[in-house]
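In UniProt numbering, the protein residues as written are 1 to 488.
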Ligand code: HEM
């Protein structure tokens with residue numbers, strides 16, 4: 001038996017309390033000098049001296065509580081989870097000011113122990129700001145810049161047309177079909193892999209891995225993220241279930257990281273590889289380091305690009321069944337501009353302003369990443385007389401921005417007309433902020449926008465979406481609820 005495991009639980013608890021106290025004191029002392037003169041942004045009073053606001057931040061849809069708090073505390077809200085400073089931005093202008101105009105300070109990511117323990121630290125989207133991130137960011141910019149996305153249009157069109165067939169034959173299975181269209185597009189672009197509509201090995205693997213990330217990433221979801229040294233506690237210690245969770249997740253992550261690239265390499269060797277991002281990067285790969293970066297970029301593309309696109313298309317299906325008037329107007333526009341003898345294609349996008357407005361309203365009504373992805377501060381800062389410490393986690397409350405009644409009157413109502421100005425032209429609010437901010441803005445936004453837009457336009461050109469009928473021909477009411485996590 002090791003020395004550690006020989007200690008009594010009582011002693012361990014005392015050591016633990018002392019460590020937590022030290023961690024909190026360290027955070028306080030680091031910020032004491034400036035903080036003694038300047039306050040943190042306002043926020044809810046902490047309910048515990050040790051954990052801070054741990055009990056005050058709901059695990060379910062925290063964006064709603066933070067939007068509520070903005071009425072009392074303003075657009076910038078501070079709360080503490082143990083030693084971790086958190087700041088939530090509830091309005092668009094402040095987000096632009098900090099993430100964009102002060103991007104030299106606000107482009108880091110908060111460090112999360114669970115990422116490392118679960119093997120998810122391969123994800124360049126969650127990497128600290130630095131050389132590794134910069135190298136991979138360049139690779140994304142190259143792969144997903146607007147003129148490169150032109151080359152993906154063929155795949156997108158083919159997969160969206162497959163969706164039409166699937167919807168026509170098995171409409172009850174529509175959620176699976178939505179998942180297939182988004183995953184098939186990304187798998188084809190990244191790995192040249194043609195997914196099977198059911199039980200695809202690579203999709204299932206990625207899904208299982210991504211769901212582990214969702215469970216391990218949310219702020220406050222696990223105490224070890226807030227108190228990093230807990231990772232060194234032995235596995236038998238009470239409350240260290242995160243070790244077992246992380247061990248299981250790591251096995252999946254390793255497979256997701258390596259298996260698709262091994263498949264592409266096998267296909268290259270056998271001469272059957274289709275053109276893809278992975279095959280192109282493998283061709284130019286000279287060192288082990290290059291190989292590591294290319295695996296990170298490919299695996300992150302799937303992790304960041306599949307579920308987010310699925311979520312947006314699902315919102316479209318739900319909302320269009322709830323608000324038939326928007327569907328009617330969009331279909332009238334498609335019928336007038338395109339007619340009935342062909343499907344819409346990308347070149348039609350500028351000629352279909354109402355469909356464009358509908359697409360924007362889908363992104364606004366329920367953003368796929370409602371609490372954004374937290375940025376980290378790489379230095380301390382002062383904003384409007386408030387102190388923002390170095391190492392803080394700064395969260396854009398995208399949901400609150402998209403439901404700001406000053407910017408979007410009657411925000412709960414699904415109303416694409418809000419995107420037209422008084423002359424009847426589309427305004428310049430393209431909802432791109434639902435894809436993030438500043439140097440960390442989503443590099444896949446053009447690809448995602450194309451997939452979502454084409455799906456909306458094509459499905460509306462062919463189908464009337466509505467509520468299912470009961471045996472008496474009456475509409476069965478639908479009420480969606482949204483999951484909590486990084487993506488909803
Ligand atoms: C509806 C679809 C999508 C949504 C809503 C979305 C949203 C986001 C958001 C909010 C961020 C964080 C930005 C920030 O930190 O401020 C992000 C980052 C990222 N997204 Fe997307 N995304 C989508 C699709 C995609 C696709 C299709 C890809 C790739 C093919 C992709 C790749 C990435 C990557 C690599 C990052 C990390 C960027 C970095 O940290 O430098 N995303 N995305």
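Backbone N, C-alpha and C fix where the C-beta goes; we use that ideal spot for every residue, glycine too.
- Placement of the Cβ of residue 392 at a distance of 7 Å or more from every heavy atom of the ligand HEM is found.
- Cα atoms of residue 246 and residue 308: separation of roughly 23 Å, rounded to the nearest angstrom.
- Looking at 51, 475, 238, 400, the one whose alpha-carbon comes closest to that of residue 365 is 400.
- By the neighbour-count definition (other C-beta atoms within 10 Å, threshold 16), residue 262 is an exposed residue.
- For residue 439, no alpha helix (DSSP H) run applies, since DSSP gives it neither H nor E.
- Going by C-alpha positions, residue 338 is about 34 Å away from residue 370.
- The segment 334-399 is shown to contain whole alpha helix (DSSP H) runs of 4 or more residues at 353-365, in chain order.
- Between residue 481 and residue 102, the C-beta spacing is not below 8 Å.
- Sequence-distant Cβ neighbours of residue 468 in its own chain, meaning closer than 7 Å and more than five residues away, are 476.
- Around the C-beta of residue 304, 16 or more other C-beta atoms lie within 10 Å, and the residue is accordingly described as buried.
- DSSP places residue 174 in the helix class (H, G or I) of the three-state scheme.
- Residue burial annotation: residue 232 is exposed, with fewer than 16 other C-beta atoms found within 10 angstroms of its C-beta.
- Its chain contains 135, 136, 139 as the residues whose beta carbon lies nearer than 7 Å to that of residue 293, once the 5 sequence neighbours on both sides are disregarded; these appear in chain order.
- Burial is judged here by how many other beta carbons sit within 10 angstroms of a residue's own beta carbon; residue 49 has fewer than 16 and is exposed.
- Nearest C-alpha to residue 431 among 109, 168, 362, 89: 362.
- Exclusion of the five residues before and after residue 97 leaves 383 as the residues of its chain whose Cβ lies within less than 8 Å of its Cβ.
- Residue 89 is a Cβ neighbour of residue 397, given a cutoff of 8 Å.
- By the Cβ-count criterion, residue 350 is exposed, with fewer than 16 other Cβ atoms from all chains shown falling within 10 Å of its own Cβ.
- The residue among 486, 374, 346 with its C-alpha nearest the C-alpha of residue 149 is 346.
- Shown here, residue 469 sits in a strand according to DSSP, grouped into three states.
- The distance from the Cβ of residue 84 to that of residue 278 is about 36 Å, inconsistent with a contact at the 8 Å cut-off.
- Annotation for residue 100: 437, 438 place their beta carbon closer than 8 Å to its own, counting only its chain and skipping 5 residues before and after.
- In this structure, the C-beta of residue 437 approaches the ligand HEM to less than 7 Å from one of its heavy atoms.
- Beta-carbon to beta-carbon, residue 352 and residue 273 are separated by about 37 Å, too far to satisfy the 8 Å threshold.
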